[in-house]
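One structure is given below, encoded as structure tokens.
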Amino acid sequence: MERTCLAIVLAAGESTRMKSSMSKVLHPVAGRPMIAHVVEALSNASISDIALVVGRDADAVSAAADIGGVSVSSYLQKERLGTGHAVLAARDAIAKGFDDILVVFGDTPLIQPEPLRAAREGLAAGNDVVVIGFEAADPSGYGRLIVKDGALLAIREHKDATEEERRITYCNGGLMAIDGRKALDLLGRIGNANVKGEYYLTDLVEIVREIGGQAIAVEAPEEELTGCNTRAELAFIERLWQQRRRHELMLSGVSMIAPETVFLAWDTALEQDVLVEPNVVFGPGVRVESGAIIHAFSHVEGATVRAGATVGPYARLRPGADLGENSKVGNFCEVKKAEIGAGAKVNHLTYIGDAFVGAGTNIGAGTITCNYDGVNKHETRIGENAFIGSNSSLVAPVTIGNGALVASGSVITEDVPADAVAFGRARQEIKPGRARLLRERYEAVKAAKKAAKAAG
């Protein structure tokens with residue numbers, strides 16, 4: 001029978017060193033709260049139940065941890081009396097009788113499933129406590145893992161270690177697995193006879209050995225156990241995450257000319273044979289299909305780029321942009337909430353928003369869809385194989401038919417039939433005071449909408 005496991009995620013810290021208006025576990029890594037990265041690692045390690053110990057910003061932290069696919073229950077830690085005390089905030093969850101208890105921190109977003117599985121395997125082998133450790137490049141300041149003949153004898157804090165013990169490079173990563181059948185008894189034995197009067201989870205190792213139990217350590221890469229207390233450490237974690245994800249994508253068949261200049265979001269999906277040029281930023285919600293090229297200095301967020309399409313250089317794709325196969329969005333173009341058909345070209349200095357552009361259509365330089373009238377957004381629909389001349393303004397809502405041609409410099413305010421030619425040029429007129437009247441009208445409409453919304 002498969003062993004059951006409860007993961008206790010400690011996320012109740014005050015985050016004072018972050019000097020932030022919100023809990024540190026809400027700060028994003030790759031565009032996602034770091035607590036969500038931790039929960040995902042637990043889920044990928046086949047752990048289905050999580051007890052989230054919260055304090056500051058409790059509701060927001062709980063919401064950020066609720067990523068789906070795993071059951072998350074929150075427990076409020078009212079006092080901060082050490083890690084042992086924090087774990088017992090989830091006493092009711094522990095008492096449900098899980099085989100394994102796994103204690104992790106909400107500010108270690110680089111943790112991967114493998115060390116978590118290894119810790120659980122250590123419990124399955126008959127150990128009472130399994131500590132996840134790492135070989136430190138510089139062990140200064142870390143608690144040392146005192147191991148003899150495969151058994152973990154103690155965790156010795158740096159300040160308490162002898163000179164010989166300080167030469168040990170195997171260090172405590174803080175994460176720990178506990179036999180679920182003994183967890184409440186063991187945790188209840190932790191005392192607070194120390195300078196700070198706090199209950200330290202690390203005391204469990206010696207407690208277990210004193211009562212004849214067994215403790216071992218399993219190793220994880222140092223990078224995965226990197227915690228976050230300051231903005232500088234947050235930036236360091238971001239760099240490590242980006243390096244790891246770029247490497248994974250390049251091994252999967254993605255080409256990056258200068259990978260260190262490409263920034264990815266947690267869910268960026270790039271298929272085999274995608275080429276990414278230097279200085280590209282991907283926000284959340286991006287999928288790029290095989291053979292597409294993202295040219296230099298482009299920003300892509302919430303967009304789909306289909307096979308063989310090209311983007312940029314210096315292009316911006318905003319949420320809702322959907323580029324068809326072999327389409328092109330060129331330099332200094334912006335696309336928002338718009339579908340660009342297969343083989344269509346939006347070449348340069350153009351804004352396409354709230355629009356549909358049919359297959360094979362060519363959009364000339366400087367064209368804009370005028371989608372906002374000051375109150376509402378409207379849609380522009382352009383058919384297949386149409387031609388929109390440079391510096392044209394398409395005032396939505398408007399439809400331009402298949403094969404239609406819009407002359408350069410036109411302002412189009414009415415539908416254009418298929419295969420027609422449209423000239424939207426007009427002689428300039430001045431209407432004094434009209435702009436002020438229009439603004440007053442728009443403000444009145446906005447105020448009415450706001451009042452209606454407030455009234456429910």
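The sequence shown: position 17 = 17 (full-length UniProt numbering), numbered continuously. For each residue, glycine too, the CB sits at the ideal point set by N, CA and C.
Original post:
So does the segment 164-180 actually touch the segment 220-239, counting three or more Cβ pairs closer than 8 Å?
Top reply: yes
Original post:
Taking all protein chains shown into account, do 16 or more other C-beta atoms lie within 10 angstroms of the C-beta of L201, making it buried, or fewer, making it exposed?
Top reply: Residue numbering aside, residue 201 sits at position 201 when the sequence shown is read from its first letter. Buried, by the Cβ-count rule.
**OP:** Within the same chain, show all residues whose beta-carbon is closer than 7 Å to that of N127, passing over the 5 residues directly before and after it, in chain order.
**Re:** Within the sequence shown, the letter at position 127 stands for residue 127. Excluding positions up to five away in sequence, the list reads Q214, A215, I216.
Subject >> Contained alpha helix (DSSP H) runs [length at least 4] in the segment 371-449, N- to C-terminal order >> reply: none
Original post:
Would a C-beta distance cut-off of 8 Å place S393 and V411 closer than the cut-off?
Top reply: Residue numbering aside, residue 393 sits at position 393 when the sequence shown is read from its first letter. Residue numbering aside, residue 411 sits at position 411 when the sequence shown is read from its first letter. Yes, the pair counts as a contact, with Cβ atoms nearer than the cut-off.
Original post:
Once you ignore the five residues that flank Q112 on each side, which residues in its own chain have a CB closer than 7 Å to its CB?
Top reply: Translated into the one-based positions of the sequence shown, residue 112 becomes position 112. Taken in chain order, the residues that qualify are A41, E224.
Original post:
Excluding five sequence neighbours on each side, which residues of the same chain lie with their C-beta closer than 7 Å to the C-beta of A154?
Top reply: Here the question's residue 154 lines up with position 154 in the sequence shown. I146, V205, E206.
Original post:
With C-beta atoms as the reference, is A342 less than 8 Å away from G383?
Top reply: Here the question's residue 342 lines up with position 342 in the sequence shown. Here the question's residue 383 lines up with position 383 in the sequence shown. Not closer than 8 Å, so no.
Original post:
Does the pairing of the segment 116-124 with the segment 193-200 give three or more beta-carbon distances under 8 Å?
Top reply: no
Original post:
So what does N172 bridge to, in DSSP terms?
Top reply: Against the sequence shown, residue 172 aligns to sequence position 172. DSSP lists G133 as partners of N172.
**OP:** May I have the straight-line CA-CA distance separating A448 from A45, to the nearest angstrom?
**Re:** Counted from its first residue, the sequence shown places residue 448 at position 448. Counted from its first residue, the sequence shown places residue 45 at position 45. Using only the alpha carbons, I get a separation of about 52 Å.
Original post:
Can you tell which of S140, A451, R441 has the C-alpha that lies nearest to the C-alpha of T162?
Top reply: Within the sequence shown, numbered from 1, the residue matching residue 162 stands at position 162. Comparing Cα-Cα distances from T162 to each of S140, A451, R441, the minimum goes to S140.
Original post:
Considering D49, what are the terminal residues of the alpha helix (DSSP H) in which it resides?
Top reply: For this step, residue 49 is matched to residue 49 along the sequence shown. No alpha helix (DSSP H) holds D49; the beta strand (DSSP E) holding it covers 49-54.
Original post:
DSSP puts R120 in a beta bridge; with which residues?
Top reply: The residue given as residue 120 occupies position 120 in the sequence shown. For R120, which the question treats as bridged, DSSP gives no partner whatsoever.
Original post:
When DSSP labels each residue in this structure, what does H299 get in the three-state scheme?
Top reply: Position 299 of the sequence shown, counting from 1, holds the residue named residue 299. Looking at H299 - three-state DSSP - the assignment turns out to be strand.
Subject >> Sub-8 Å separation of G291 and G308 beta-carbons >> reply: Sequence index remark: in the sequence shown, residue 291 carries index 291 (1-based). Sequence index remark: in the sequence shown, residue 308 carries index 308 (1-based). Contact flag set, yes.
**OP:** Starting from the C-beta of G82, find all residues in its chain whose C-beta is less than 6 Å away, skip the five residues before and the five after it, and write them out in chain order.
**Re:** For the purposes of this step, residue 82 is identified with residue 82 of the sequence shown, where counting begins at 1. Excluding positions up to five away in sequence, the list reads E198, Y199, Y200.
Original post:
What is the rounded straight-line gap between the Cα of R439 and the Cα of P278?
Top reply: One-based indexing of the sequence shown puts residue 439 at position 439. One-based indexing of the sequence shown puts residue 278 at position 278. Cα to Cα, the separation comes out at about 43 Å.
**OP:** Compute the distance between the beta-carbons of A51 and Y75, then report whether it is under 8 Å.
**Re:** Stepping through the sequence shown from its first residue, residue 51 is reached at position 51. Stepping through the sequence shown from its first residue, residue 75 is reached at position 75. It is a contact, given that the beta carbons lie within the stated cut-off.
**OP:** Tell me whether M256 sits in a helix, a strand or coil according to DSSP, three-state version.
**Re:** On the sequence shown, residue 256 is found 256 positions in, with the first residue counted as 1. M256 falls in the strand class under three-state DSSP.
Subject >> When W266, A265, H247 are compared against I257, the one with the closest alpha-carbon >> reply: Against the sequence shown, residue 257 aligns to sequence position 257. Checking every option, the nearest Cα to that of I257 belongs to H247.
Subject >> Assigned secondary structure, T162 (DSSP; H/G/I helix, E/B strand, else coil) >> reply: On the sequence shown, position 162 is the one that residue 162 refers to. T162: coil per DSSP, three-state reduction.
Original post:
Counting only runs that start and end within the segment 182-218, where is the alpha helix (DSSP H) found for 4 or more residues in a row?
Top reply: 183-188, 204-210
Original post:
Where do the N-terminal and C-terminal ends of the beta strand (DSSP E) with P236 fall, by residue?
Top reply: On the sequence shown, position 236 is the one that residue 236 refers to. The displayed chain sequence assigns Phe, not Pro, to residue 236. Where F236 is concerned, there is no enclosing beta strand (DSSP E), although the alpha helix (DSSP H) it sits in stretches over 231-251.
Original post:
Using DSSP with H/G/I as helix, E/B as strand and the rest coil, what is V38?
Top reply: Position 38 of the sequence shown holds residue 38. DSSP places V38 in helix when its eight states are reduced to three.
Original post:
Are at least three pairs of beta-carbons, each pair with one atom in the segment 99-111 and one in the segment 21-41, less than 8 Å apart?
Top reply: yes
Original post:
Which word fits K431, buried or exposed, when buried means at least 16 other C-beta atoms lie within 10 angstroms of its C-beta?
Top reply: As a first step, residue 431 must be located in the sequence shown, where it is residue number 431. Label assigned to K431: exposed.
Original post:
Can you tell me whether R425 is buried or exposed, with buried defined as 16 or more other CB within 10 angstroms of its CB?
Top reply: Here residue 425 corresponds to residue number 425 of the sequence shown, with the count starting at 1. With fewer than 16 other Cβ atoms within 10 Å, it is exposed.
**OP:** Check each candidate in V61, H85, A60, S43 and name the one with the smallest Cα separation from S71.
**Re:** In the sequence shown, counting from the first residue as 1, residue 71 sits at position 71. For S71, the nearest C-alpha among the options comes from S43.
Subject >> Nearest to A60 (by Cα), restricted to the options T361, E79, P33, Q77 >> reply: For the purposes of this step, residue 60 is taken as residue 60 along the sequence shown, with counting starting at 1. Cα-wise, what sits closest to A60 is P33.
**OP:** Go to L88, then tell me how far its beta strand (DSSP E) extends in each direction, as first and last residue.
**Re:** Residue numbering aside, residue 88 sits at position 88 when the sequence shown is read from its first letter. Note, L88: premise wrong, no beta strand (DSSP E); alpha helix (DSSP H) at 83-88.
Subject >> Beta-carbon contacts of D203 that lie in its chain and below 6 Å, excluding the five residues immediately before and after >> reply: The residue you call residue 203 lines up with position 203 of the sequence shown. Once the five neighbours on either side are set aside, the close Cβ partners of D203 are I190.
Original post:
Grouping DSSP H, G and I as helix and E and B as strand, with all else coil, what is S73?
Top reply: Translated into positions along the sequence shown, residue 73 becomes position 73. Three-state result, S73: strand.
Original post:
Whose CA, out of V25, F134, A435, lies closest to the CA of G143?
Top reply: The sequence position of residue 143 within the sequence shown is 143, counting from 1. It is F134.
Subject >> Whole-number beta carbon distance between A407 and A422, since they are thought to touch under 8 Å >> reply: Taking the first residue of the sequence shown as 1, we reach residue 422 at position 422. Taking the first residue of the sequence shown as 1, we reach residue 407 at position 407. Indeed, because the Cβ distance is near 7 Å, the residues count as touching under 8 Å.
Original post:
For S298 versus A321, is the C-beta distance shorter than 8 Å?
Top reply: Residue mapping note: residue 298 aligns to position 298 of the sequence shown, counting from 1. Residue mapping note: residue 321 aligns to position 321 of the sequence shown, counting from 1. Cβ distance not < 8 Å, so S298 and A321 don't count as in contact.
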